[in-house]
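First comes the structure, then the notes that go with it.
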Amino acid sequence: MLDLANAAPPGSEPSRADLAAVLARHGERAEDLSADTFSDADAAELRAAIRELRDVLTASDTDRAAERLNALLAHSGARPRLSRHDGHPWHLHVDRADDAGWGDWLRASSALALARLLSERGALAWGECAADTCSRLYL
Numbered sequence: 248m249l250d251l252a253n254a255a256p257p258g259s260e261p262s263r264a265d266l267a268a269v270l271a272r273h274g275e276r277a278e279d280l281s282a283d284t285f286s287d288a289d290a291a292e293l294r295a296a297i298r299e300l301r302d303v304l305t306a307s308d309t310d311r312a313a314e315r316l317n318a319l320l321a322h323s324g325a326r327p328r329l330s331r332h333d334g335h336p337w338h339l340h341v342d343r344a345d346d347a348g349w350g351d352w353l354r355a356s357s358a359l360a361l362a363r364l365l366s367e368r369g370a371l372a373w374g375e376c377a378a379d380t381c382s383r384l385y386l
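According to this note's numbering, the sequence shown is numbered sequentially starting from 248.
Right, here's the structure in full:
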């Protein structure tokens, strides 16, 4: 989540290949990231989700973060379930379907993880670097 968000700082437009490289570093299979299976349209959808996620990660207060997280959860239609598909072992899904797009996957899984952190801590556990020349996010 953070690596994807940090790969797309404000004003940038990471390429499909750049996003695929981040996903690969986090365990996504090469066959799921080819130009045929992870298209330019998929990358555009993922970039849109990253922008929405950055809005959560840069929120300066818990109420605003919670509002944004609720919007992401509502958009994703999050319904937790165990899934096993495409040669992957059983794992948790919270997006709409096993074949949901990359943007839906990022919105749902990130929103669930961040909502859990916020609800357990009662405070933000993330933010943006405060240095003038830094826009990196942290958790």
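Ideal placement from N, C-alpha and C gives every residue a C-beta, glycine not left out.
Since we're looking at a predicted model, the values are computed, not measured.
Query                                                                                                                                : Result
Straight-line Cα distance separating residue 370 from residue 261                                                                    : 31 angstroms
Contacting residues, own chain, Cβ-Cβ under 7 angstroms from residue 295 (five flanking each side not counted)                       : 350
Separation of residue 272 from residue 288, as counted between CA atoms                                                              : 21 angstroms
Buried or exposed (CB count within 10 angstroms, at least 16 for buried), residue 332                                                : exposed
Minimum C-alpha distance to residue 312 - residue among 269, 259, 360                                                                : 360
Straight-line gap, residue 314 to residue 339 (C-alpha atoms, nearest Å)                                                             : 24 angstroms
Coarse secondary structure for residue 258, derived from DSSP in three states                                                        : coil
Rounded straight-line distance, which links the Cα of residue 266 to that of residue 307                                             : 27 angstroms
Length at least 4, wholly inside the segment 334-377: the alpha helix (DSSP H) runs in chain order                                   : 349-368
Residues of its chain near residue 286, where Cβ-Cβ distance is below 8 angstroms and the 5 sequence neighbours each way are ignored : 263
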